[in-house]
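Per this note's numbering: the sequence shown = residues 1 to 452.
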Amino acid sequence: MAYDFDFFVIGGGSAGVRCGRIAAGHGARVGVAEERFWGGTCVNIGCVPKKFMVMAAEYGASMQDARGFGWDSAKGAHDWAKLIAAKDTEIGRLNGTYRRLLNNAGAQIFEAHASFIDAHTLDVGRQRITADKIVIATGGHPTRLDIPGAALGIVSDDAFYLPALPRHIVIIGSGYIAVEFAGIFAGLGAETHLVFRQPAPLRGFDEDIRAGLADALAQGGVHMHPGVAPVAITEDAGRKHVTLSDGSTIETDMVFFATGRAPNVGSLNLAAVGVQTAPSGAVIIDDTLATNIPNIYAIGDVTDRLNLTPVATAEGHALADSLFGGKPRKVSLENVPTAVFSIPPIATVGLSEAQAAARGPARIFTTHFTPMRHNISGRSRKTLMKLVVDAKTDRILGAHMLGEDAPEIIQGLAIAIIAGATKADFDQTIGIHPTAAEEFVTLRTQTRLVGE
Ligand code: NDP
1 MAYDFDFFVI GGGSAGVRCG RIAAGHGARV GVAEERFWGG TCVNIGCVPK KFMVMAAEYG
61 ASMQDARGFG WDSAKGAHDW AKLIAAKDTE IGRLNGTYRR LLNNAGAQIF EAHASFIDAH
121 TLDVGRQRIT ADKIVIATGG HPTRLDIPGA ALGIVSDDAF YLPALPRHIV IIGSGYIAVE
181 FAGIFAGLGA ETHLVFRQPA PLRGFDEDIR AGLADALAQG GVHMHPGVAP VAITEDAGRK
241 HVTLSDGSTI ETDMVFFATG RAPNVGSLNL AAVGVQTAPS GAVIIDDTLA TNIPNIYAIG
301 DVTDRLNLTP VATAEGHALA DSLFGGKPRK VSLENVPTAV FSIPPIATVG LSEAQAAARG
361 PARIFTTHFT PMRHNISGRS RKTLMKLVVD AKTDRILGAH MLGEDAPEII QGLAIAIIAG
421 ATKADFDQTI GIHPTAAEEF VTLRTQTRLV GE
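Structure (structure tokens):
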């Protein structure tokens, strides 16, 4: 049977745009549907605008720090509306770029909602479209907790379009989004409270990094509320009241749920084709990115595996190469480096100390120091670096950093770790001086041995 397209991509985010563009480049007849904005979460309401907002927050601190270096600078008022307008202009440019990338590759784009009619037929903006193969790349959305008054809170989608900076905000959660926005709001001058149920933020990260981040957030002016969860939110004369599990209440202008994301599957009519999903809604795939239906695939956050843009784009690229490029390949989710753009940021690759210790003996090397800049700026800020080394093979199992430029530094180390670098390789590498990064190649004294 002749189909309208060889390949139809549902969703024009990081995963879908890359997948459609590469598939079209391989000569496939490709259609891509996007109902909201090209570039998806990352470009519009995620990584990219978030990083601009982190930069905005950091400028305030930099102006204060510059005084130590002789500049007669003072931190003045921040113009939130100007920041949001500048961010929107840049995001608009990027939207256009993503759209153009697909067009230039020869894909046909549809600015419409797509849903399944059967395994080869879609309803795309009320148009029946058939395709041989279909990939679901619809991403996810932020969720609120199921507590009374939850609708009074915002989520990250809203945070990018607030008309004004709240004077006082309560952020719930301590995952990526919570700690990143805590830095943004506190850095821009809002009284910021972080409410989370764990003893330290960022569950799953290395414990030293978690403890260091808790200190850094507090030093950055964030009011920390560990070990509690919200139980209800009420509103009175425009003020919100958040009742916590310890019985206390915080009065605030704004409540922000940063409590996880859920896959966008609700309006795809997956039931019509029997695509299997997990209880979370995540589309279940195998290691070739295939669902249980032979011609239907899924990539990116809708699969709820590692919800990171570079993973989504890698999956999109691999799927297109596998299906249309004659180069079947898989994406490894081992040793995926990741960064949290807290202030200062965190970056990590490989195993935490606890994960390594659970597997066998590991040598731990740590260093904790005041970055050079702050010996003069006077800012109370520490950098933490850590290597986790397999005691038997000498291979580096994990590298972790909390501190300025951490994401830029760990990206390079991730290559070395994936290539199987040993501690001896790090030791024989000459440092670049004076940098923070050189500490990773000059760590000579073992802090402890674990996992024996
Ligand atoms: P996360 O899953 O990272 O964090 C969710 C937070 O909500 C956790 O602190 C969690 O606590 C808390 N939480 C969940 N349920 C409850 C509950 N019932 N009561 C109290 N607290 C609760 O989600 P995010 O929303 O921060 O981000 C979603 C994903 O998006 C991330 O995991 C990441 O994959 C991706 N992302 C990546 C970024 C990057 O690469 N820099 C930036 C932003 C997002 P607990 O830990 O106790 O479960």
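Where a beta carbon is used, it is the ideal one built from N, C-alpha and C, also for glycine. Just so we're clear, the structure is a prediction, and the values are computed from it rather than from any experiment.
- Do three or more CB pairs link the segment 158–176 to the segment 200–213 at distances below 8 Å? yes
- Query: Any chance the CB of Thr338 is under 7 Å from a heavy atom of the ligand NDP?
  - Reply: Locating residue 338 in the sequence shown gives position 338, where the first residue counts as 1. Thr338 Cβ: within cutoff of the ligand NDP.
- Query: What separation, rounded to the nearest whole angstrom, lies between the Cα atoms of His317 and Ala15?
  - Reply: Locating residue 317 in the sequence shown gives position 317, where the first residue counts as 1. Locating residue 15 in the sequence shown gives position 15, where the first residue counts as 1. In a straight line, the C-alpha of His317 is about 8 Å away from that of Ala15.
- Is Ser115 near Asn269, with beta carbons less than 8 Å apart? Here residue 115 refers to the residue found at position 115 when the sequence shown is read from its first residue. Here residue 269 refers to the residue found at position 269 when the sequence shown is read from its first residue. Contact: yes.
- Query: Which residues share a DSSP beta bridge with Phe110?
  - Reply: Translated into positions along the sequence shown, residue 110 becomes position 110. Answer by DSSP bridge pairing, in chain order: Ala33.
- Give a yes or no on whether the C-beta atoms belonging to Gly408 and Asp206 are separated by under 8 Å. Numbered from its first residue, the sequence shown carries residue 408 at position 408. Numbered from its first residue, the sequence shown carries residue 206 at position 206. The question names Gly, but residue 408 is Glu in the sequence shown. Cβ distance not < 8 Å, so Glu408 and Asp206 don't count as in contact.
- Same chain, Cβ closer than 6 Å to Gly212, neighbours up to 5 away in sequence not counted: Numbered from 1 along the sequence shown, position 212 holds the residue referred to as residue 212. These residues qualify, in order along the chain: Leu384 and Leu402.
- Query: Around the C-beta of Gly92, are 16 or more other C-beta atoms found within 10 angstroms, so that it is buried, or is it exposed?
  - Reply: Counting from 1 along the sequence shown, the entry for residue 92 is found at position 92. Under this definition Gly92 is an exposed residue.
- Leaving out five residues on either side along the sequence, give the residues of the same chain with a beta carbon under 8 Å from the beta carbon of Thr442. As a position in the sequence shown, residue 442 is number 442, starting the count at 1. Gly431, listed in sequence order.
- Item | Pick from Ile296, Thr192, Ala81 and Leu306 that is closest to Val255, judged by C-alpha positions | Locating residue 255 in the sequence shown gives position 255, counting from the first residue. Checking every option, the nearest Cα to that of Val255 belongs to Thr192.
- Would Asn104 be called buried (16 or more neighbouring beta carbons within 10 Å of its own) or exposed? Here residue 104 refers to the residue found at position 104 when the sequence shown is read from its first residue. Asn104 should be labelled exposed.
- Query: When the Cα atoms are used, what is the spatial distance from Gly281 to Thr138?
  - Reply: On the sequence shown, residue 281 is found 281 positions in, with the first residue counted as 1. On the sequence shown, residue 138 is found 138 positions in, with the first residue counted as 1. Each residue's Cα considered, the two are about 12 Å apart.
- Item | Buried/exposed call for Leu449, threshold 16 Cβ in 10 Å | Translated into the one-based positions of the sequence shown, residue 449 becomes position 449. Exposed, by the Cβ-count rule.
- Please report the residue range of the alpha helix (DSSP H) in which Glu58 lies. What you label residue 58 is simply residue 58 of the sequence shown in a count that begins at 1. Taken as a continuous stretch (DSSP letters only), the alpha helix (DSSP H) holding Glu58 covers Cys47 to Ala66.
- Ordered along the chain, which non-local residues of its own chain (more than five positions away) have a Cβ less than 6 Å from that of Gly12? Counting from one through the sequence shown, the residue named residue 12 turns up at place 12. Closer than 6 Å at Cβ, skipping near neighbours: Val32, Glu34 and Trp38.
- Query: beta strand (DSSP E) containing Pro230: first to last residue?
  - Reply: Locating residue 230 in the sequence shown gives position 230, counting from the first residue. Pro230 to Asp236 is the extent of the beta strand (DSSP E) around Pro230.
- Message: Do Pro361 and Lys392 count as a contact pair if the criterion is CB distance below 8 Å?
- Response: Position 392 of the sequence shown, counted from the first residue, corresponds to residue 392. Position 361 of the sequence shown, counted from the first residue, corresponds to residue 361. Against a cut-off of 8 Å, the Cβ pair of Pro361 and Lys392 comes out as a contact.
- Query: With a CB to CB cut of under 7 Å and the five nearest residues on each side skipped, what residues in its chain are close to Lys51?
  - Reply: For the purposes of this step, residue 51 is taken as residue 51 along the sequence shown, with counting starting at 1. Phe341, listed in sequence order.
- Message: Restricting to Cα atoms, I'd like to know which of Gln411, Asp4 and Leu387 is closest to Ile209.
- Response: The residue labelled residue 209 in the question sits at position 209 within the sequence shown. For the residues Gln411, Asp4 and Leu387, the minimum Cα distance to Ile209 belongs to Leu387.
- Query: With which residues is Ile129 paired in a DSSP beta bridge?
  - Reply: Sequence index remark: in the sequence shown, residue 129 carries index 129 (1-based). Leu122.
- Message: For chain B, check one thing: does any of its Cβ atoms lie closer than 8 Å to the Cβ of Ile376?
- Response: In the structure shown, chain B does not exist; there is a single protein chain.
- From this set, Val331, Ala272 and Val273, which residue's C-alpha is nearest Ile299's C-alpha? Here residue 299 is taken as the residue at index 299 of the sequence shown, counted from 1. Checked all of Val331, Ala272 and Val273; the closest Cα to Ile299 is Val331.
- Task: Report buried or exposed for Asn375, applying the criterion of at least 16 other Cβ atoms within 10 angstroms of its Cβ.
- Result: Reading the sequence shown from its first residue, position 375 is the one you call residue 375. Counting Cβ neighbours within 10 Å, Asn375 comes out exposed, since fewer than 16 surround it.
- If you pair each beta-carbon of the segment 230–249 with each one of the segment 149–164, do three or more pairs fall below 8 Å? yes
- Distance between beta carbons of Gly350 and Leu397, contact taken as under 8 Å: Start at 1 with the first residue of the sequence shown, and residue 397 comes out as number 397. Start at 1 with the first residue of the sequence shown, and residue 350 comes out as number 350. Indeed they touch by this definition, with Cβ atoms about 5 Å apart.
- With DSSP as the reference, label Arg363 as helix, strand or coil. Position 363 of the sequence shown, counted from the first residue, corresponds to residue 363. Correct three-state label for Arg363: strand.
- Message: Just to confirm the assignment, what range does the beta strand (DSSP E) spanning Lys87 have?
- Response: For the purposes of this step, residue 87 is identified with residue 87 of the sequence shown, where counting begins at 1. Unbroken run through Lys87 is the alpha helix (DSSP H), Trp80 to Ala105; no beta strand (DSSP E).
- Taking only heavy atoms of the ligand ATP into account, decide whether any of them is closer than 7 Å to the Cβ of Arg261. The model on display carries the ligand NDP but not the ligand ATP.
- Query: Does the ligand NDP have even one heavy atom less than 7 Å from the beta-carbon of Ser174?
  - Reply: Residue mapping note: residue 174 aligns to position 174 of the sequence shown, counting from 1. Answer for Ser174: yes, Cβ within range of the ligand NDP.
- Check whether the Cβ of Leu308 sits closer than 7 Å to any heavy atom of the ligand NDP, and report yes or no. Counting from 1 along the sequence shown, the entry for residue 308 is found at position 308. Under cutoff, so the answer is yes.
- Query: Going by DSSP, what residues sit across from Ser538 in a beta bridge?
  - Reply: Absent from the structure is residue 538, since the part of the chain shown begins at 1 and ends at 452.
- Message: Given this structure, state the Cα-to-Cα distance separating Val48 from Cys42, to the nearest angstrom.
- Response: Residue numbering aside, residue 48 sits at position 48 when the sequence shown is read from its first letter. Residue numbering aside, residue 42 sits at position 42 when the sequence shown is read from its first letter. Near 6 Å, if we compare the C-alpha coordinates of Cys42 and Val48.
- Query: Alpha carbon to alpha carbon, what distance is there between Ile415 and Arg100?
  - Reply: Counted from its first residue, the sequence shown places residue 100 at position 100. Counted from its first residue, the sequence shown places residue 415 at position 415. When rounded, the distance between both Cα atoms is 31 Å.
- Task: Assign Arg359 to one of two classes, buried (16 or more other C-beta atoms within 10 Å of its C-beta) or exposed (fewer than that).
- Result: Sequence index remark: in the sequence shown, residue 359 carries index 359 (1-based). It is exposed - the Cβ of Arg359 has fewer than 16 other Cβ atoms within 10 Å.
- Enumerate in chain order the residues of its own chain whose CB-to-CB distance from His223 is below 6 Å, with the five nearest sequence positions on each side excluded. As a working note, residue 223 is residue 223 in the sequence shown. Counting only Cβ-Cβ distances below 6 Å, and skipping sequence neighbours, we find His193.
- Message: Quick check: the Cα distance between Ala406 and His241, rounded to an integer number of angstroms?
- Response: For the purposes of this step, residue 406 is taken as residue 406 along the sequence shown, with counting starting at 1. For the purposes of this step, residue 241 is taken as residue 241 along the sequence shown, with counting starting at 1. Rounded to the nearest angstrom, the two C-alpha atoms are 37 Å apart.
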